[in-house]
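Student:
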């Protein structure tokens, strides 16, 4: 595994693309984000995750899952439900969630 | 449109997820990244793009396209080919590219 990258299998698998704009101030966000990032990756069917947030507060987290059932199970996980509620109430001024089926993938620059 | 977010139509459409780790130093990267981000969004079939890069140099750019043909055309665009070559030679120590079909999407926190 290369630091920061998810080690995903051959497609097909699923990607949950979460783009979000943070509100000002922490309000417990950083601690919860770290916890959720690690918790997600321990969920059955989770293949890994990647995350980046720029200085303007816009962030993208992509989590990879084996199938739709694993995505649904993670959405309903108890601690994740708490985080989702706080996200709506405190942490995000806007977000977009997109669920997509990965059809092909490649990496670089080595080995192309 | 909300700043930083792509205004995408109802699914289905495609997402090209590009996760990359920058090398040290600029080497012309920032100027080219800005140019390519704008150029991509003027391509036929491009529905928008979102991008974030953290202080550790890990970045995620997601570009949205109407169909596979638009993705292939963008991959072959002349100025983009130059940028891809420089990306491999100079700018990225590693990257992962995944092409995925967006099946469902929603936004928040307003209007849920």
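Chains as they are written, first to last, in the working numbering: chain A, 1 to 112; chain B, 1001 to 1112.
Even for Gly, the Cβ is constructed at its ideal location relative to N, Cα and C.
From a predicted model like this one, the values you see are computed outputs, not experimental measurements.
Classify residue 1004(B) as buried or exposed, calling it buried when 16 or more other Cβ atoms lie within 10 Å of its own Cβ.
Tutor: As a first step, residue 1004(B) must be located in the second chain, where it is residue number 4. Burial call: buried.
Student: Entirely within the region 32-88 of chain A and at least 4 residues each: give me those alpha helix (DSSP H) ranges in chain order.
Tutor: The qualifying runs are 68-75, 78-86.
Student: Tell whether a beta-carbon distance below 8 Å holds between residue 1070(B) and residue 1041(B).
Tutor: Within the second chain, residue 1070(B) is the residue found at index 70, counting from 1. Within the second chain, residue 1041(B) is the residue found at index 41, counting from 1. No; because the gap between Cβ atoms is not below 8 Å, this pair is not in contact.
Student: With H, G and I counted as helix, E and B as strand and the rest as coil, what does DSSP make of residue 103(A)?
Tutor: As a first step, residue 103(A) must be located in the first chain, where it is residue number 103. It is a strand residue.
Student: For residue 67(A) and chain B, any beta-carbon pair shorter than 8 Å?
Tutor: Here residue 67(A) is taken as the residue at index 67 of the first chain, counted from 1. Residue 67(A) does not count as touching chain B.
Student: Name the chain A residues that come within less than 7 Å of residue 1106(B), Cβ to Cβ?
Tutor: Numbered from 1 along the second chain, position 106 holds the residue referred to as residue 1106(B). The contacting residues are 97.
Student: Comparing alpha-carbon positions, which option in 1077(B), 1075(B), 1053(B) lies nearest residue 57(A)?
Tutor: Counted from its first residue, the first chain places residue 57(A) at position 57. Here the closest residue by C-alpha is 1053(B).
Student: On the CB-based measure, 16 or more other CB atoms within 10 Å of its CB, does residue 1096(B) come out buried or exposed?
Tutor: Against the second chain, residue 1096(B) aligns to sequence position 96. By the neighbour-count rule (16 or more Cβ atoms within 10 Å), residue 1096(B) is buried.
Student: Would you please verify whether the beta carbon of residue 92(A) is less than 8 Å from any beta carbon of chain B?
Tutor: For the purposes of this step, residue 92(A) is taken as the residue at position 92 of the first chain. Output row for residue 92(A): interface = yes.
Student: Closer than 8 Å, CB to CB, is residue 1040(B) near chain A or not?
Tutor: Numbered from 1 along the second chain, position 40 holds the residue referred to as residue 1040(B). No, residue 1040(B) does not count as interfacial toward chain A.
Student: In the DSSP assignment, find the beta strand (DSSP E) that holds residue 10(A) and state where it starts and stops.
Tutor: By one-based count along the first chain, residue 10(A) stands at place 10. No beta strand (DSSP E) contains residue 10(A), which DSSP labels as neither H nor E.
Student: Are the region 1073-1084 of chain B and the region 69-85 of chain A in contact at 8 Å, needing three or more beta carbon pairs?
Tutor: With the cut-off at 8 Å, the region 1073-1084 of chain B and the region 69-85 of chain A do not touch.
Student: Measuring CB to CB, does residue 1017(B) end up less than 8 Å from residue 1100(B)?
Tutor: In the second chain, the residue the question calls residue 1017(B) occupies position 17. In the second chain, the residue the question calls residue 1100(B) occupies position 100. Yes, the pair counts as a contact, with Cβ atoms nearer than the cut-off.
Student: Residues bridged to residue 22(A) by DSSP?
Tutor: Position 22 of the first chain, counted from the first residue, corresponds to residue 22(A). For residue 22(A), which the question treats as bridged, DSSP gives the partners 92(A).
Student: Residues of chain B with a CB under 7 Å from the CB of residue 103(A): which are they?
Tutor: The count along the first chain starts at 1 and reaches residue 103(A) at position 103. What residue 103(A) touches in chain B: 1099, 1100, 1101.
Student: Can you name the residues of chain A whose CB is closer than 7 Å to the CB of residue 1005(B)?
Tutor: By one-based count along the second chain, residue 1005(B) stands at place 5. Under the 7 Å cutoff, chain A gives 19, 94, 96.
Student: I'd like to know whether the C-beta atoms of residue 1035(B) and residue 1060(B) end up nearer to each other than 8 Å.
Tutor: Stepping through the second chain from its first residue, residue 1035(B) is reached at position 35. Stepping through the second chain from its first residue, residue 1060(B) is reached at position 60. Taking 8 Å as the Cβ cut-off, residue 1035(B) and residue 1060(B) do not qualify as a contacting pair.
Student: Could one say the Cβ of residue 9(A) lies closer than 8 Å to chain B's Cβ atoms, at least one of them?
Tutor: Locating residue 9(A) in the first chain gives position 9, counting from the first residue. For residue 9(A), the answer is no, since every Cβ of chain B falls outside 8 Å of its Cβ.
Student: What is the rounded straight-line gap between the Cα of residue 1038(B) and the Cα of residue 1077(B)?
Tutor: What you label residue 1038(B) is simply residue 38 of the second chain in a count that begins at 1. What you label residue 1077(B) is simply residue 77 of the second chain in a count that begins at 1. Taking the straight line joining both Cα atoms gives about 13 Å.
Student: May I have the straight-line CA-CA distance separating residue 1029(B) from residue 73(A), to the nearest angstrom?
Tutor: Translated into positions along the second chain, residue 1029(B) becomes position 29. Translated into positions along the first chain, residue 73(A) becomes position 73. Taking the straight line joining both Cα atoms gives about 40 Å.
Student: Using 8 Å as the limit for Cβ to Cβ distance, is residue 1015(B) near chain A?
Tutor: Here residue 1015(B) is taken as the residue at index 15 of the second chain, counted from 1. Yes, residue 1015(B) lies at the interface with chain A (some Cβ there is under 8 Å from its Cβ).
Student: Should residue 1091(B) go down as buried or exposed, given a rule of 16 or more other Cβ atoms within 10 Å for buried?
Tutor: Position 91 of the second chain holds residue 1091(B). By the 10 Å Cβ count, residue 1091(B) comes out buried.
Student: Using only alpha-carbon positions, find the residue among 110(A), 109(A), 94(A) that is nearest to residue 1007(B).
Tutor: Translated into the one-based positions of the second chain, residue 1007(B) becomes position 7. Of the listed residues, the one whose Cα sits closest to residue 1007(B) is 94(A).
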